[in-house]
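**Student:**
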Amino acid sequence: MFKQFLTTMLLFAAVLTASAQDTRLFETRIYYTEPGRLEALLTRFRNHTTKIFEKHGMTNIGYWVPLHEENKLIYVLAYPDRAARDASWKAFGADPEWVKARTESEVSGKIVSKVESIFMDATDFSPKIKSSKSKKERVFELRTYTTNPGKLPDLLARFRNHTLKLFKKHGMTNVAYWTVNGKDDTLIYILAHPSEEAGKKAFDAFRADPDWVKARDASEVNGKLANKVESVYMKATDFSTIK
């Protein structure tokens, strides 16, 4: 009887976990502007683009500019699925309101020189993504991990069981975690810190934490998990839904 009850509860917990996972398609878009044209791009997004995105069923997740790079905007959108994404962008591109805004904003010249796009899925341990505006100014850190072959599941397990809790312990705010469509070696996530200095100090403390050292060593008995880690410190734009 107890065994049957335990099995039922485990199945119920699995259903709850599955239902809690965000199943939307996410897209990170990186815009590189012509020299000196970032402000023109931000103005267009602030006054027009974000509203037209929402009009066509796209959800604005967040908008950021790197602290140490010029002429660059990084933002994330969410859609129900890939078909909805493609339909939304098609409608957006043909929208007279968008065409007018784009044309008027480029009277003085082209704004965007290059666009990069990354399609992503939320991990099962990613926090629920919602609009958030901190009362205190903070910075965000976009981190991209590339794993050794076959090691992504082990990396995800380590984050799920240990890393997120230890980040929180050291004052870092977990914002979102994604894997990349079509790639079995990439984890992308965003943290928030009071400042860049605070973020770097928090990571120093994290790396020296005996609980982290134990978790890392246990997960890498059969080899190192990540072979490349990239970090970009960013500040939220004034129109970002996450600040």
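According to mature numbering (1 follows the signal peptide of the UniProt record, and there is no 0), the stretch in the sequence shown is residues -20 to -1, 1 to 223, in order. Backbone N, C-alpha and C fix where the C-beta goes; we use that ideal spot for every residue, glycine too.
Residue 150 to residue 97, Cα distance in whole Å?
**Tutor:** Within the sequence shown, numbered from 1, the residue matching residue 150 stands at position 170. Within the sequence shown, numbered from 1, the residue matching residue 97 stands at position 117. Taking the straight line from one Cα to the other gives about 32 angstroms.
**Student:** Hey, residue 128 and residue 207 are a contact pair by Cβ (cut 8 angstroms); roughly how many whole angstroms apart?
**Tutor:** Against the sequence shown, residue 128 aligns to sequence position 148. Against the sequence shown, residue 207 aligns to sequence position 227. Correct: roughly 5 angstroms between the Cβ atoms.
**Student:** Please list, in chain order, all residues of the same chain as residue 153 whose beta carbon is under 7 angstroms from its beta carbon, the five residues on each side excluded.
**Tutor:** By 1-based counting over the sequence shown, the position of residue 153 is 173. Taken in chain order, the residues that qualify are 171, 172.
**Student:** Contact check, residue 58 vs residue 37 under 8 angstroms by CB: the rounded distance?
**Tutor:** Within the sequence shown, numbered from 1, the residue matching residue 58 stands at position 78. Within the sequence shown, numbered from 1, the residue matching residue 37 stands at position 57. Going by Cβ atoms, the distance from residue 58 to residue 37 rounds to 10 angstroms, so no, they are not a contact pair.
**Student:** Could you give the C-beta distance for residue 45 and residue 214, rounded to a whole number, given that I count them as a contact under 8 angstroms?
**Tutor:** Here residue 45 refers to the residue found at position 65 when the sequence shown is read from its first residue. Here residue 214 refers to the residue found at position 234 when the sequence shown is read from its first residue. Contact flag correct, Cβ pair sits at about 6 angstroms.
**Student:** On a CA-only basis, which of 133, 10, 223 is nearest residue 174? Give me that one, please.
**Tutor:** Numbered from its first residue, the sequence shown carries residue 174 at position 194. Closest option to residue 174, Cα to Cα, is 223.
**Student:** Would you please verify whether the beta carbon of residue 216 is less than 9 angstroms from any beta carbon of chain C?
**Tutor:** Any reference to chain C falls outside this structure, which holds one protein chain only.
**Student:** Could you tell me whether the Cβ atoms of residue 120 and residue 157 are closer together than 9 angstroms?
**Tutor:** Locating residue 120 in the sequence shown gives position 140, where the first residue counts as 1. Locating residue 157 in the sequence shown gives position 177, where the first residue counts as 1. No. Outside cutoff.
**Student:** Output needed for residue 43: all residues of its chain with C-beta closer than 6 angstroms, excluding positions within five of it in sequence on either side, in chain order.
**Tutor:** Along the sequence shown, read from residue 1 onward, the residue named residue 43 stands at position 63. Taken in chain order, the residues that qualify are 55, 217, 220.
**Student:** Identify whether residue 48 lies in helix, strand or coil by the three-state DSSP scheme.
**Tutor:** Taking the sequence shown and counting its residues from 1, the one referred to as residue 48 is at position 68. Coil at residue 48, not helix or strand.
**Student:** Tell me the residue span of the beta strand (DSSP E) that contains residue 95.
**Tutor:** Walking along the sequence shown from the start, residue 95 turns up at place 115. Note, residue 95: beta strand (DSSP E), 92 to 102.
**Student:** Taking the alpha-carbon positions, what's the residue 184 to residue 53 distance?
**Tutor:** Counting from 1 along the sequence shown, the entry for residue 184 is found at position 204. Counting from 1 along the sequence shown, the entry for residue 53 is found at position 73. If I take the Cα positions, the gap works out to 28 angstroms.
**Student:** So what does DSSP say about residue 37, is it helix, strand or coil?
**Tutor:** Indexing the sequence shown from 1 puts residue 37 at position 57. DSSP places residue 37 in coil when its eight states are reduced to three.
**Student:** Based on Cα-Cα distance, which residue from 180, 30, 205, 186 lies nearest to residue 211?
**Tutor:** In the sequence shown, residue 211 corresponds to position 231, counting from 1. Comparing Cα-Cα distances from residue 211 to each of 180, 30, 205, 186, the minimum goes to 180.
**Student:** Determine whether the beta carbon atoms of residue 49 and residue 15 lie at a separation below 9 angstroms.
**Tutor:** Walking along the sequence shown from the start, residue 49 turns up at place 69. Walking along the sequence shown from the start, residue 15 turns up at place 35. Taking 9 angstroms as the Cβ cut-off, residue 49 and residue 15 do not qualify as a contacting pair.
**Student:** How would you write the range of the alpha helix (DSSP H) that residue 85 sits in, first residue to last?
**Tutor:** Start at 1 with the first residue of the sequence shown, and residue 85 comes out as number 105. Where residue 85 is concerned, the enclosing alpha helix (DSSP H) stretches over 76 to 85.
**Student:** Assuming the contact rule is C-beta atoms closer than 8 angstroms, residue 147 and residue 186 should be a hit. Round their C-beta distance to whole Å, please.
**Tutor:** Here residue 147 refers to the residue found at position 167 of the sequence shown. Here residue 186 refers to the residue found at position 206 of the sequence shown. So it is a contact: roughly 7 angstroms between Cβ atoms.
**Student:** Going straight from the alpha carbon of residue 124 to that of residue 11, what length do you get?
**Tutor:** Translated into the one-based positions of the sequence shown, residue 124 becomes position 144. Translated into the one-based positions of the sequence shown, residue 11 becomes position 31. About 18 angstroms.
**Student:** Between 17, 83, 33, 134, which has its C-alpha nearest residue 67's C-alpha?
**Tutor:** On the sequence shown, residue 67 is found 87 positions in, with the first residue counted as 1. Closest by alpha carbon: 33.
**Student:** In chain order, what are the residue ranges of uninterrupted beta strand (DSSP E) at least 3 long that sit wholly in the segment 133 to 169?
**Tutor:** Fully enclosed beta strand (DSSP E) runs of 3 or longer: 153 to 160.
**Student:** Between residue 138 and residue 205, is the Cβ-Cβ spacing less than 9 angstroms?
**Tutor:** Along the sequence shown, read from residue 1 onward, the residue named residue 138 stands at position 158. Along the sequence shown, read from residue 1 onward, the residue named residue 205 stands at position 225. Yes. Within cutoff.
**Student:** Would you decide whether residue 131 is buried or exposed? Buried here means 16 or more other CB atoms lie within 10 Å of its CB.
**Tutor:** Here residue 131 refers to the residue found at position 151 when the sequence shown is read from its first residue. By the 10 Å Cβ count, residue 131 comes out buried.
**Student:** What is the C-beta distance between residue 13 and residue 21, in whole angstroms, given that I count them as a contact (C-beta under 8 angstroms)?
**Tutor:** Within the sequence shown, numbered from 1, the residue matching residue 13 stands at position 33. Within the sequence shown, numbered from 1, the residue matching residue 21 stands at position 41. Right, the Cβ-Cβ distance comes to about 5 angstroms (below 8 angstroms), so this counts as a contact.
**Student:** Give me the Cα-Cα distance between residue 135 and residue 4, rounded to the nearest whole angstrom.
**Tutor:** One-based indexing of the sequence shown puts residue 135 at position 155. One-based indexing of the sequence shown puts residue 4 at position 24. The straight-line gap from Cα to Cα measures roughly 22 angstroms.
**Student:** Using C-beta distances below 8 angstroms, list every residue in its chain close to residue 166, excluding the 5 sequence neighbours before and after it, in chain order.
**Tutor:** Locating residue 166 in the sequence shown gives position 186, where the first residue counts as 1. Excluding residues within five positions, the ones whose Cβ falls inside 8 angstroms are 124, 125, 126, 127, 132, 159, 160.
**Student:** Taking the CB atoms as reference points, tell me whether residue 6 and residue 102 lie closer together than 9 angstroms.
**Tutor:** Residue mapping note: residue 6 aligns to position 26 of the sequence shown, counting from 1. Residue mapping note: residue 102 aligns to position 122 of the sequence shown, counting from 1. Contact flag set, yes.
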